[in-house]
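Written out below as structure tokens is the structure these notes cover.
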Amino acid sequence: MTEAFHRFIALAKKAAFQRGLTWEMETDERGSVLPRHVWDLSAIHGSVAANSQRLTQMGPDKGGLERLNRIREAQGVPPLAGLAPPAVWQDLIKATAIFHVVIKRKKAGNAAQMIQALRLLAAEAGDVPPWNIDRLNVQRGYNASLSEGSSGKVALNFQMTIRSILDHNSLCSIPDLARYCEALPSTELVAAHKKSDALRRRESGYASMETARARLEDRRSGEKLPERQAFWNLLAVVLTMEPRTFSDHIRFEALRTLIVTGFRVNEAVNLPYDWQRVVEFFDSDGVLAGLKGGVSRALRVRHFAEKQEQQAQGDGLALWEEFQDVPKMFEDLLLEGLGKVSQITSALRSRLEQQSRTGRIFPEYPPEHLMPAWETYVRLTGNATFSTCEIPPKLIADYTSRYDLAKLQEIRRFQLASSEPFRPVLVYFSRLQRDGFVPRDDEGHPVNGRKDWRHCYFRVAELEGLLASTQPTKSSDLSTFRLSDGQEFRPSEFMFLMPIRNVVEGRNGGILDVELYRAVGRLSSTDLVAMLDGSREDSLYHRYEAENAETLKITPHVFRHLQTTELERRKVSDILIAKRFNRTSVAQNEVYNHPSLSEDLESLAEGSELINQLSSSSREILRLIEKKAVVGPIQRQFESIRNTAGDEAAFRFLATEADGLHVTPFGLCTNSFTGEPCPRQLECFDDCNSLMRTDDPVEEDNLRKLKTRTELVIEAILKVPENRRGPGWKNQLNQALRKLEGTVAALATKPGAAVFPNGRDLSRPVGTEGGSVLDYLGDDGDDLDDEEPSHE
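In the working numbering, each number is its position in the sequence shown, counted from 1, plus 1081.
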């Protein structure tokens, strides 16, 4: 076992103990974790996601194992049975989960993806411990994660897990195992690998440099904007059509909110019920601003922002409250739509609030109460139709148009007044009698033999006990969360409530009883994403008969890109755009902005008289400064001169000073060396805060070559037994590792971003770091080898 691996596991065990988690887990022979030992990763993380992520399995998933065995068979290696991995692999899986959700405080969903990759790698490794895996283990595991029909995300997650867990933490004897994530010589695998690699380049921001914008209407990274046909079909559905089910009413309004606000999908689905804020503006004399030509009031949306540093607290994440101003043109849309949701979910909200307060399924009744069988059927299934009588279509239409509870009660009375039998009740409880559901008469005595279901009852206490044991997944969401100020927040306080597993309307085409149905939860982001995927037959595109529905697909995040691009096009302030989307820096706007070639040319034309004074390198640095994509001495001095002496003086400064801007083989140097050269030339990889990535493909190629050469040096050093290595080998290894770490960081940085934003200023003379070159020590404080020189 390597020392790094031991430290990694020990750190995770300590963090798990502090959270009150039991480290030792019992599993069956296939690796399934026994229910009492399952970790709820979402609860550990503090996530508000409706779908919780749990660590329930240590063995490989079925599809991955089948692909892995096909690869092993082709290579003449025995197939695997898919048993539980050895304890040391289980420790690595658990440690990865803890490291991700507790120590790094990242999303539980991402941890689940990493766990899936490690489960597959553990199956391939078999009895080989994690620190001894080799190229073949990684390559087989990676190829087993490739699937021709998928987007390539699973394979990308596998590669990312190898890089961020095994390589980054130096857990294995062989460094940089991620380089072996390459396709085997197979047409299908090579095609799947290319798809995964294309996804990687697209997500890392490099895809846009591969295709030049040839036409004026071409947009930079246009694939991140919504596809035209899918977008307009979605608008046609949610803005002009009548929802056909209760769940679709909720989904429509959530999507309209998402489109109008540009929230992240979880920010939208977790909108609080108390969302509305109105702000009034007055002048210094207390007069409404609207009376003097300004704006008197503004509508704001209270929401819970994601990816905020302030969310992280000692025992997880808190809901971080933020507010977004609503443009005047969208106010009525939000007020009307969310007001409608508030009205139709009032009964669900009341039920969930009572269940959260009491912890009971039927809090409106005492435990000894006898509930009529028809009512029990409605509460358990959600089906408002419990009789075979034909309910007037107009009455149904009046109810489902607004989910008016008065109309619902009329539907019940109509069925109770009819002499038609309660056949749905008979069929349902005939199946459940084996689970212990005991029908009783009006005095509480069990009814045996032939039953008249109009006069059968169930005892509430018995029902609650049976439902808790036989239908645990069909229960209301009773989670609790914390606001950033420490207050408690319950699921009933979210806006978009949903009946859990609403198959009555969806699968059976029935009528949902929103007043009596017992299982209430929240709209989940996975549900919303599925509704926007036309390849699924239950998507909104299919169910609302969009043309070529199977080809239409939108991811919710595109609306964020669309809004940013439109606001940039409208010349809205970068600061206001960043504030609208809860971004920590205006530089983040650039990632979401996708201007057309004509818009870029138009922006360049502005101020062209001053720009013409600048050389090509000065114009480049100006573009980066304007986009808030670069920091450094030049940028700071330029902005200082611009603020104090105006544009002309600032541009004159750039014309004379910024020509010292260096284009290095590894990126752009944002410092100026017109007076003297850089004292650490081409050592940019060593944590230099002036290094910035560009979209030059040659630069990418240079970095990859440097990475490969450094890896070979490291491998050559480590191959020699330690007792045979020459003097100074530790210095050589440490320097190579620093170079590799810096190169990997550069490759992971998006174009236009600083590689080491908090790094050192290497433009200073070496002597300023320690007095003289002899005073300089490396990061580990051990530049000089303390071993005796070899005399061999």
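Even glycine gets a Cβ: it sits at the ideal position worked out from N, Cα and C.
Could you pull the DSSP bridge partners for residue i from this structure?
i       : result
His1384 : Glu1403
Asn1464 : Leu1593
Asp1121 : Arg1135
Arg1215 : For the sequence presented, residue 1215 should be read as Asp rather than Arg. Note: Asp1215 sits in no beta bridge, so no partner.
Lys1634 : Asp1614
Ala1835 : Met1773
Tyr1538 : Pro1453 and Arg1521
Leu1578 : Arg1603
Ser1677 : Arg1300
Keeping to the same chain, check which residues put their C-beta closer than 7 Å to that of residue i; ignore five residues upstream and five downstream.
i       : result
Leu1237 : Ser1277, Leu1280 and Arg1281
Val1667 : Asp1655, Ile1656, Ala1659 and Lys1709
Thr1745 : Leu1763 and Cys1765
Gly1463 : Pro1580, Asn1583, Val1585, Leu1593, Asp1594 and Tyr1598
Gln1156 : none
Pro1444 : Gln1435 and Gln1436
Tyr1509 : Tyr1458 and Thr1462
Arg1381 : Arg1358, Val1360, Phe1404, Gln1405, Asp1406 and Val1407
Asp1121 : Ser1133 and Arg1135
Leu1297 : Ser1677, Leu1678 and Ser1679
Apart from the five residues just before and just after residue i, which ones in its own chain have a Cβ nearer than 6 Å to its Cβ?
i       : result
Glu1649 : Asn1674
Thr1338 : Ala1349
Phe1877 : Because the chain is modelled from 1082 through 1873, residue 1877 falls outside the range shown and cannot be assessed.
Thr1108 : Val1114, Met1139 and Ala1165
Ala1093 : Ala1176, Ile1179 and Phe1180
Trp1104 : Lys1094 and Ala1097
Arg1244 : Ala1259
Under 7 Å, do residue i and residue j count as touching if we go by C-beta distance?
i       : j       : result
Pro1166 : Ala1192 : no
Arg1345 : Arg1383 : no
Arg1571 : Ser1437 : yes
Arg1441 : Leu1597 : no
Asn1132 : Ser1620 : no
Glu1491 : Thr1469 : no
Met1773 : Leu1749 : yes
Arg1300 : Ser1677 : yes
Val1158 : Arg1135 : no
Gly1517 : Leu1548 : no
Glu1403 : Asn1629 : no
Glu1574 : Tyr1354 : yes
Trp1401 : Ala1454 : no
Phe1233 : Glu1205 : Looking at the sequence itself, residue 1233 is Gly, so the reference to Phe does not match. In this structure, Glu1205 does not lie closer than 7 Å to Gly1233 by Cβ.
So residue i packs on residue j, CB below 8 Å; how close in whole Å?
i       : j       : result
Tyr1458 : Pro1505 : 7 Å
Gln1405 : Arg1603 : With a Cβ gap of about 20 Å, Gln1405 and Arg1603 do not count as contacting.
Ala1225 : Leu1201 : 6 Å
Met1576 : Leu1419 : 6 Å
Arg1260 : Glu1792 : 7 Å
Glu1334 : Lys1421 : 7 Å
His1126 : Ala1189 : 5 Å
Ser1550 : Ala1600 : That belief does not hold up - the Cβ atoms of Ser1550 and Ala1600 are roughly 15 Å apart, past 8 Å.
Return the CA-CA distance between residue i and residue j, expressed in angstroms with no decimal places.
i       : j       : result
Arg1617 : Gln1240 : 28 Å
Leu1633 : Gln1310 : 7 Å
Cys1253 : Leu1173 : 12 Å
Cys1262 : Ser1113 : 28 Å
Pro1870 : Gly1807 : Note that Pro1870 has pLDDT 39, beneath the 50 cutoff, so the model's placement of it is unreliable and the number below is only indicative. When rounded, the distance between both Cα atoms is 7 Å.
Pro1051 : Asn1812 : Residue 1051 lies beyond the range of the chain shown here (1082 to 1873); nothing can be said about it.
Ser1499 : Tyr1480 : 19 Å
Phe1503 : Ile1179 : 52 Å
Thr1636 : Gly1833 : 25 Å
Asn1529 : Leu1451 : 17 Å
Ala1730 : Val1836 : 30 Å
Pro1324 : His1330 : 5 Å
Thr1645 : Asp1608 : 25 Å
Ser1844 : Thr1830 : 21 Å
Gly1303 : Leu1828 : 22 Å
Pro1520 : Asp1413 : 51 Å
Val1610 : Ile1798 : 49 Å
Leu1513 : His1642 : 50 Å
Glu1029 : Gln1816 : Absent from the structure is residue 1029, since the part of the chain shown begins at 1082 and ends at 1873.
Asp1866 : Val1219 : Any answer about Asp1866 is weak, because its pLDDT of 39 lies below 50 and its placement is not dependable; what the coordinates show is given next. Their backbone Cα atoms lie some 34 Å apart in a straight line.
Gly1375 : Phe1411 : 19 Å
Asp1522 : Glu1543 : 14 Å
Might you give, ordered along the chain, the residues of its own chain that have their beta carbon closer than 8 Å to the beta carbon of residue i, omitting 5 neighbours on each side?
i       : result
Phe1090 : A small correction: the amino acid at residue 1090 is Ile; Phe does not occupy that position in the sequence shown. If we look at Ile1090 and ignore the five residues flanking it on each side, its Cβ neighbours are Asp1172, Leu1173 and Ala1176.
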